[in-house]
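For reference, the structure is listed below as structure tokens.
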Amino acid sequence: MKLSTPKSQTKREFGELQKIMATAVMRPLTRGDKMQIKWIDGRPTKIVVKNFIKPNDRLTSFERLEIYNRQYWFRVRDCFYSDYPGLRAILGDKKFERLTDEYLTQNPSRSFTLRNLGSRLVKFLEANPKLIAPHSQLALDMARLEWAHIEAFDNEAVTPLQPDAILDSNPAKIQLQLQPHLTLLCLKNELDDFLIEVKKNSGLRNEASNAMEQNQRHKKISLSRRLKQREIFLAVHRHDDSVYYKRLERGQFLVLTALQRGVTLEKACAQLVKLKSPGDLGDIIKKWFSNWAALGWFCGIKQ
Amino acid sequence: MPANAFNGFTDYGIGIGLRVPHYDHILTKKPTVDWFEIISENFMVDGGRPLKILDQILEQYRVVQHGVSMYFGSSGKLNREHLKKLKRLVKRTNTPWLSDHLCWGSVDGTYTHDLLPMPYTFAAAKVTAQKIREARDFLEVPICVENVSSYAEFHVSEMAEWEFLNEVVERADCGILLDVNNIYVSSQNHNFNPLDYVNGVPVQRIAQIHIAGHSKYERFILDTHDHPVIDPVWKLYERAIQRAGKTATLLEWDDRIPAFDEVHGEALKANKFLQRVENETVHA
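Chains A and B supply the protein sequences, listed in that same order. Using my numbering, the letters of the first sequence correspond one by one to residues 263 to 565. Using my numbering, the letters of the second sequence correspond one by one to residues 0 to 283.
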């Protein structure tokens, strides 16, 4: 009897194979960190997997693919653990892990770098406050602060304007651009000191060549009781390649956020009339701008 | 003198991966190291400390770029933004060659951040080789592809892994970063003789060799890069350089990273084998 030659894979089939495998690899794990036994359409996963993965003498097709499924989740969880130690300290490990799995299931990475894994977290938390209840505001503020930290760490630093660059300009017409690494935040709690304390206890993430990371669980850091409830305004920025959290006055925050929105210098400063006595205003503004310019926060000017 | 067309850097010697825990030691003690391999993605940023550190390293050391997310083997198109950022980094480092993995890991713009194994088919080889060519033309630097360690095989495969590697590099006309630890790991997971693999790759295309440690479990081996290199892997390394001649060699140690001197010392064990091969060449 003549055996028929096996049919070669087509380009379309090659793409379809990757889609089904990627679906399997990124599906959430069970509570015991195993691959789900039911496929998305209700069939047993082992039947689906058996169609494209070979078993060997020690592992079934299911078990072989499960290695990748677990590896995927251990890797992205570990990255989140490292990037959001403050949020983890507020929520505790179990709740944080549930949040991580939920967020990453709905928002898988769309970037070549793990650095951007949390780029949609704040929006996700705003839309899903139940996941962070009863500390919703605290957790949301922390997510904002930790994302601002990531942005400050390696966003671009444009050549700053010289302090006298705006001297001869008309304040009614100019708009000042702020550094891409600078984020302005209004927080309901004194989270800056809290996060600094938490970070002392957290490690660094490795993004390594071909290595599979082990499932790293971290001890819960019970610092949330020490948090002071007070509204604060922060500038999260980079100076000399270090990230800083600089406390701002309400007036400073209003001026800077207005400038960041593209408001003219005159309009941005006009907001201060309600907050400061007119007699001091000129000196205050001069001092603030001089300080911000010294930190290199202004990097562009539009006339 | 270059050993072959893809290995013009036989004098590169033995390098190690540049890792965060060693930054202070390297910048303050300035140890003698032949070269460092960087993970490209860690430096494809717009500013800050990573680039400052890199510039300080570049002032004193030779640096070669190694990527983890180009995904030549993904069926979709190359990410142009990724390529543009990579090219900026290539210009900064002047890397003499650039490597990434013979694997896939993204589908329709969603990234798994893993090095997933290829189906060893002609269709996959054709798509992959085309993307390697496109990347090389855009980046204007020689490209080498690295064999990955794997834990699964596909029914649809039409050839052995090393035959697939050959098919891709011949079609793409690119070099090979031969990872002998990955060969060992896969050989144990898939029941093949690792020497068949080492003997089966086109020696004239081997531009670099990776060595590393791994973790052995009851029913499979994981490529964890958190241990010293084991003897069977050194034997594969020896065989590889017997075939390829002196080749730029790099030790990867990425998890539970020990002190710099321990990592460097482990890498320098390769000297014994390189010396032996050199002596054999002289006597021949």
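Beta carbons: idealized from backbone N, C-alpha and C, even for Gly.
To which residues of the same chain is residue i closer than 6 Å at the C-beta, ignoring the five residues directly before and after it?
i             : result
residue 345/A : 380
residue 530/A : 517, 520 and 521
residue 564/A : 437
residue 121/B : none
residue 290/A : 363 and 367
residue 361/A : 393
residue 86/B  : 138
residue 111/B : 104
residue 415/A : 505
residue 303/A : none
residue 123/B : 117
What does a CB cutoff of less than 8 Å around residue i pick up in its chain, not counting 5 residues either side in sequence?
i             : result
residue 272/B : 233, 236, 237 and 240
residue 119/B : 153, 156, 157, 158, 159, 160, 162 and 163
residue 466/A : Because residue 466/A carries a pLDDT of 46, less than 50, the predicted location of this residue cannot be relied on, and the following value inherits that uncertainty. So the qualifying residues of the chain are 344.
residue 327/B : Because chain B spans 0 through 283 in this model, residue 327/B falls outside it and cannot be assessed.
residue 252/B : 15, 16, 18, 211, 212, 224, 225, 262 and 265
residue 106/B : 73, 74 and 75
Using DSSP bridges, identify the partner residues of residue i.
i             : result
residue 36/B  : 16/B and 63/B
residue 281/A : Answer by DSSP bridge pairing: none, since residue 281/A is not bridged.
residue 215/B : 220/B
residue 100/B : 145/B
residue 564/A : 437/A
residue 153/B : 315/A
residue 249/B : 14/B and 209/B
residue 88/B  : DSSP output for residue 88/B lists no bridge partner at all.
residue 445/A : 498/A
residue 178/B : 209/B
Name the chain A residues that come within less than 7 Å of residue i, Cβ to Cβ?
i             : result
residue 108/B : 372
residue 218/B : 320 and 321
residue 118/B : 271, 276 and 279
residue 51/B  : 503
residue 233/B : The premise fails here: residue 233/B is roughly 18 Å from chain A at the closest Cβ pair, so nothing lies under 7 Å.
residue 103/B : 280
Can you list, in chain order, the residues of its chain with a C-beta nearer than 7 Å to that of residue i? Leave out the 5 residues immediately preceding and following it.
i             : result
residue 364/A : 393
residue 183/B : 193, 231, 232 and 235
residue 226/B : 212, 213 and 214
residue 401/A : 349, 352, 353, 387 and 394
residue 330/A : 287
residue 188/B : 149, 150, 219 and 220
residue 445/A : 410, 413, 414 and 498
List, in chain order, every chain B residue whose beta-carbon is nearer than 8 Å to that of residue i.
i             : result
residue 498/A : The premise fails here: residue 498/A is roughly 13 Å from chain B at the closest Cβ pair, so nothing lies under 8 Å.
residue 535/A : In chain order: nothing, as chain B lies at least about 36 Å away.
residue 314/A : 153, 154 and 155
Run through chain B and tell me which residues come within less than 9 Å of residue i, C-beta to C-beta.
i             : result
residue 310/A : What residue 310/A touches in chain B: nothing, since even the nearest Cβ is about 13 Å away.
residue 445/A : Simply none; closest approach about 14 Å.
Give the interface partners of residue i over in chain A, defined as CB-CB distance under 8 Å, in chain order.
i             : result
residue 48/B  : 415, 416, 503 and 504
residue 126/B : 273 and 276
residue 122/B : 270, 271, 272, 273, 275 and 276
Counting only Cβ pairs nearer than 9 Å, list the residues of chain A close to residue i.
i             : result
residue 115/B : 280, 283, 284, 287 and 330
residue 112/B : 334, 337, 338, 341, 371, 374, 375, 376, 379 and 469
residue 45/B  : 416, 417, 418, 419, 442 and 443
Residues of chain B with a CB under 7 Å from the CB of residue i: which are they?
i             : result
residue 523/A : What residue 523/A touches in chain B: nothing, since even the nearest Cβ is about 22 Å away.
residue 580/A : In this structure chain A extends from 263 to 565, so residue 580/A is not present and cannot be described.
Unbroken stretches of the alpha helix (DSSP H), 4 residues or longer, contained in the segment 477 to 544 of chain A: 512 to 523 and 527 to 532
Under 7 Å, CB to CB, which of the residues in the segment 393 to 422 of chain A have a partner in chain B? 415, 416, 417, 418 and 419
What residues in the segment 274 to 297 of chain A bring their beta carbon closer than 8 Å to a beta carbon of chain B? 275, 276, 277, 279, 280, 281, 283, 284, 287 and 288
By the 7 Å beta-carbon criterion, what residues does the segment 252 to 282 of chain B contribute toward chain A? 253 and 254
Closer than 9 Å, Cβ to any Cβ of chain A: which residues of the segment 15 to 43 of chain B, in chain order? 16, 18, 19, 20, 36, 38, 40, 41 and 43
Would you list, in sequence order, the uninterrupted alpha helix (DSSP H) runs of no fewer than 4 residues that lie entirely inside the segment 106 to 135 of chain B? none
Ranges of the alpha helix (DSSP H) found wholly within the segment 361 to 432 of chain A, counting only runs of at least 4: 383 to 389 and 398 to 416
Which runs of the alpha helix (DSSP H) spanning at least 4 residues fall entirely within the segment 276 to 359 of chain A, listed in chain order? 307 to 312, 323 to 345 and 347 to 353
Can you list, in chain order, the residues of the segment 69 to 93 of chain B whose Cβ is nearer than 7 Å to any Cβ on chain A? 73, 74, 78 and 81
Please list, in chain order, the residues of the segment 330 to 346 of chain A that have any C-beta partner in chain B closer than 9 Å. 330, 333, 334, 337, 338 and 341
Contact residues within the segment 149 to 161 of chain B, judged by C-beta distance below 7 Å to chain A: 150, 151, 152, 153, 154, 155 and 157
Short of 9 Å Cβ to Cβ, which residues in the segment 189 to 200 of chain B face chain A? 189 and 190
For the segment 429 to 443 of chain A, enumerate the residues whose C-beta is nearer than 8 Å to any C-beta of chain B, in chain order. 442 and 443
Of all the residues that make up the segment 234 to 249 of chain B, which are near chain A by a beta-carbon distance shorter than 9 Å? none
Between the segment 361 to 388 of chain A and chain B, which residues of the former have CB atoms less than 7 Å from a CB of the latter, in chain order? 370, 371, 372, 373, 374, 375 and 376
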